[in-house]
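In UniProt numbering, the protein residues as written are 1 to 270. Glycine residues also receive a C-beta, built at the ideal position from the N, C-alpha and C atoms. Encoded as structure tokens, the structure appears first; notes follow it.
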């Protein structure tokens, strides 16, 4: 953008950093589909502040929130300006990667410099050469078995979340999201993968954490004010999670067999 001496401005060029037509970036990263304003994303801001607290050598200033990645914890990509902590240092721009662990700690794991002056040529070719999208949406659970090597049983839908979206993540995790028919509201999701790691993808800090024993299985519940947003457990070589962050449930709702989510825990998964 150029501003002349009289205060007139004009856009002189643009550089595409991301493919706005795709919801997902390479490597399992998902674009932020909400407000990009950094201060309006409290979880991201909290993670960034923790990761950069006490950092020496460079000063990072967040500009906007790009997207997130779910693995053993939450990872965030943030577009920042960065400068060495020396007088009259020149600022550069980068994408800072923040990793949040399940104990609530956070760290800056990488930053990738962005040259805003470089010509944005061959962007189409670059996009075509990216790593294939790790999120594969399928129509039936039968398709997930062929991709992951295991099966998943799910509860029936109930109003208002009468539509399901089935996704295979990285070829080794199944996610089933229960949403409204108009796609406007995501009620909850369930996940299954091999192993014992927490696959909820929720690294938020909750005021309450309880462990409920259901049969021989310890189920970890996280939430606040006696409303629960996450349930996670492992059994028979598989790990499971229920996420209902948009609409937290009571303990009875999430644990009782007859409730639309609770019977998952009692159900014999195969």
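Using only the alpha-carbon positions, how far apart do residue i and residue j sit?
i           : j           : result
residue 235 : residue 215 : 11 Å
residue 254 : residue 228 : 8 Å
residue 219 : residue 87  : 53 Å
residue 110 : residue 159 : 43 Å
residue 142 : residue 221 : 30 Å
residue 30  : residue 66  : 9 Å
residue 85  : residue 200 : 38 Å
residue 226 : residue 115 : 48 Å
Excluding the 5 residues flanking residue i on each side, which residues of the same chain have their C-beta closer than 6 Å to its C-beta?
i           : result
residue 91  : 81, 83
residue 252 : none
residue 250 : none
residue 208 : 223, 224
In its own chain, which residues sit with a C-beta less than 8 Å from the C-beta of residue i, not counting the 5 before and 5 after it?
i           : result
residue 47  : 74, 76, 98, 100, 106, 203
residue 55  : 108
residue 195 : 234, 237, 238, 239
residue 173 : 148, 191, 192, 193, 199
Which class does residue i belong to by DSSP, given the choice of helix, strand or coil?
i           : result
residue 111 : strand
residue 44  : helix
residue 192 : strand
residue 253 : helix
residue 39  : helix
residue 180 : coil
residue 24  : Because the pLDDT of residue 24 is 47, which lies under 50, any placement of that residue in the model is unreliable, and the number read from its coordinates should be weighed accordingly. DSSP places residue 24 in strand when its eight states are reduced to three.
Among the residues of its own chain, which have a CB less than 7 Å from the CB of residue i, if the five just before and after it don't count?
i          : result
residue 52 : 60, 108
Does residue i have its Cβ less than 8 Å from a Cβ in chain B?
i           : result
residue 192 : Checking the listed chains, one finds no chain B in this structure; it contains a single protein chain.
> Pairing CB atoms from the region 132 to 143 with CB atoms from the region 181 to 195, are three or more of them under 8 Å?
Replying inline: no
>> Runs of 3 residues minimum, wholly inside the region 133 to 164: which ones carry the beta strand (DSSP E) assignment?
In response: 135 to 138
> Touch check for the region 231 to 249 and the region 186 to 198: three-plus C-beta pairs under 8 Å?
Replying inline: yes
> Which runs of the beta strand (DSSP E) fall wholly inside the region 61 to 100 and span at least 3 residues, in chain order?
Replying inline: 74 to 84, 92 to 100
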